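Residue numbers (the numbering used here): 8 to 346.
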């Protein structure tokens, strides 16, 4: 395939992107979370091209992106009342809901499941292109399967040049981690299958019960028989460097790293820990929201710098921090140290 075409967010370029998508091509588009590898969700061949470009396992379902509740209702059925309340509160935004699918949704999109993951993004570029296409877009993260998700144009080009038709430059993604994914467990009860920027506490303001799936909280590799949501089963988000997640305060982290002294070692620490830090390091923010925005860029930067082993001071395990922790523990292949 030819080199990737880089488009701007001008009206004429977005019309070009929509035309490519209508013709069955794959186009990378910015969202508020990460860049997505978009295809017409109703076109089986186009969706198959997404899986091929990423090297994505076929049983790992995709999220379809819509711009209206009417579009959601065209592709899903038996929608719980609580889903509408959640949509009113959090859509457009980084929340994905698992809903019963209609037969119009190709099985390749859902990994053969009888449900479909639906999200209404807030990024104006993604929304404009969906409306121009007139159909939902299936769009997993625009990276090679297993590698850190892309939050900039450069990340997409690094992974997808020669693999897809085009990418639209929307600047840096504002959230930085993928959407929160929920399923409906019963009347006014939801289960978080993948943590994201919308937290359990946020959801509890709308529904009575919020369950955090046990696989999210586990510090050992989960055994997942049915992949109900992206990000549940496979090793994800991993740079070439070996990643070790260290759960410790600032002083405990320093002491642990001081005992290692390995060639090619680098540390990923909080901004506030950097003063007089005696080892090779990068920082990834001072709070959970900033860490969410930076984490994938920092994992990619580690590879660019030739880092062989990256020791990461773990984020908090609550709020948005849980989403960052979830991405890091998978990037580390569940190699976690308590110090």
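All C-beta atoms in this analysis are idealised placements derived from N, C-alpha and C, irrespective of residue type, glycine included. All figures in this text were calculated on a predicted structure; none of them were measured in a lab.
Applying the 10 Å Cβ sphere with the 16-neighbour rule, what's the burial state of residue i?
{"i": "residue 221", "result": "exposed"}
{"i": "residue 122", "result": "buried"}
{"i": "residue 300", "result": "buried"}
{"i": "residue 17", "result": "exposed"}
{"i": "residue 225", "result": "exposed"}
{"i": "residue 293", "result": "exposed"}
{"i": "residue 194", "result": "exposed"}
{"i": "residue 75", "result": "exposed"}
{"i": "residue 266", "result": "exposed"}
{"i": "residue 166", "result": "buried"}
{"i": "residue 91", "result": "exposed"}
{"i": "residue 146", "result": "buried"}
{"i": "residue 150", "result": "buried"}
{"i": "residue 262", "result": "exposed"}
{"i": "residue 63", "result": "buried"}
{"i": "residue 134", "result": "buried"}
{"i": "residue 365", "result": "With the chain running from 8 to 346 in the structure shown, residue 365 is simply not present."}
{"i": "residue 323", "result": "exposed"}
For residue i, which three-state DSSP category applies?
{"i": "residue 164", "result": "helix"}
{"i": "residue 312", "result": "coil"}
{"i": "residue 82", "result": "helix"}
{"i": "residue 97", "result": "helix"}
{"i": "residue 265", "result": "helix"}
{"i": "residue 107", "result": "strand"}
{"i": "residue 170", "result": "coil"}
{"i": "residue 62", "result": "coil"}
{"i": "residue 144", "result": "strand"}
{"i": "residue 335", "result": "helix"}
{"i": "residue 139", "result": "helix"}
{"i": "residue 10", "result": "coil"}
{"i": "residue 247", "result": "coil"}
{"i": "residue 296", "result": "helix"}
{"i": "residue 394", "result": "Here the chain comprises residues numbered 8 to 346, so residue 394 is not present and cannot be evaluated."}
{"i": "residue 47", "result": "strand"}
{"i": "residue 258", "result": "helix"}
{"i": "residue 91", "result": "helix"}
{"i": "residue 345", "result": "strand"}
{"i": "residue 120", "result": "coil"}
{"i": "residue 76", "result": "helix"}
{"i": "residue 151", "result": "coil"}
{"i": "residue 69", "result": "coil"}
Specify, as a first and last residue, the run of the beta strand (DSSP E) that residue i falls within.
{"i": "residue 216", "result": "216-219"}
{"i": "residue 288", "result": "288-290"}
{"i": "residue 200", "result": "196-201"}
{"i": "residue 275", "result": "272-276"}
{"i": "residue 34", "result": "34-36"}
Assuming residue i contacts residue j (C-beta within less than 8 Å), just tell me the rounded distance between them.
{"i": "residue 298", "j": "residue 291", "result": "5 Å"}
{"i": "residue 115", "j": "residue 54", "result": "5 Å"}
{"i": "residue 228", "j": "residue 103", "result": "Not a contact, Cβ separation roughly 23 Å."}
{"i": "residue 309", "j": "residue 252", "result": "That pair is no contact at about 14 Å."}
{"i": "residue 364", "j": "residue 285", "result": "The requested residue 364 does not occur in the structure, where the chain is confined to residues 8 to 346."}
{"i": "residue 214", "j": "residue 342", "result": "Not confirmed; about 35 Å, so no contact."}
{"i": "residue 68", "j": "residue 83", "result": "Contact flag wrong, Cβ pair sits at about 13 Å."}
{"i": "residue 155", "j": "residue 303", "result": "4 Å"}
{"i": "residue 306", "j": "residue 246", "result": "5 Å"}
{"i": "residue 158", "j": "residue 177", "result": "Not confirmed; about 10 Å, so no contact."}
{"i": "residue 344", "j": "residue 248", "result": "Not quite, the Cβ-Cβ distance comes to about 16 Å (not below 8 Å), so this is no contact."}
{"i": "residue 41", "j": "residue 185", "result": "6 Å"}
{"i": "residue 148", "j": "residue 44", "result": "7 Å"}
{"i": "residue 257", "j": "residue 278", "result": "That belief does not hold up - the Cβ atoms of residue 257 and residue 278 are roughly 11 Å apart, past 8 Å."}
Please go through the same chain and pick out, in chain order, the residues whose beta-carbon is closer than 7 Å to the beta-carbon of residue i, but skip the five residues on each side of it.
{"i": "residue 51", "result": "113, 115"}
{"i": "residue 202", "result": "187, 223, 329, 330, 333"}
{"i": "residue 129", "result": "39, 99, 100"}
{"i": "residue 22", "result": "139"}
{"i": "residue 296", "result": "327"}
{"i": "residue 87", "result": "191"}
{"i": "residue 198", "result": "189, 190, 192, 218, 220"}
{"i": "residue 78", "result": "143"}
Given residue i, which residues of its chain have a CB within under 8 Å of its CB, disregarding the five upstream and five downstream residues?
{"i": "residue 211", "result": "217"}
{"i": "residue 9", "result": "169"}
{"i": "residue 25", "result": "136, 139, 140"}
{"i": "residue 173", "result": "11, 12, 13, 14, 23, 24, 27, 32, 34, 35"}
{"i": "residue 29", "result": "47, 140"}
Where do the N-terminal and C-terminal ends of the alpha helix (DSSP H) with residue i fall, by residue?
{"i": "residue 190", "result": "Unbroken run through residue 190 is the beta strand (DSSP E), 187-193; no alpha helix (DSSP H)."}
{"i": "residue 18", "result": "18-29"}
{"i": "residue 127", "result": "Unbroken run through residue 127: none, as it is neither H nor E."}
{"i": "residue 323", "result": "Run containing residue 323: none; DSSP gives neither H nor E here."}
{"i": "residue 114", "result": "114-117"}
{"i": "residue 208", "result": "207-211"}
Taking CB distances under 9 Å as the criterion, tell me whether residue i reaches chain D.
{"i": "residue 292", "result": "Here there is only one protein chain, and chain D is not present."}
Below 6 Å CB to CB, which residues in the same chain sit around residue i once its five sequence neighbours on both sides are set aside?
{"i": "residue 318", "result": "251, 253, 264, 274"}
{"i": "residue 289", "result": "275, 305"}
{"i": "residue 272", "result": "316"}
{"i": "residue 89", "result": "195, 214"}
{"i": "residue 96", "result": "213"}
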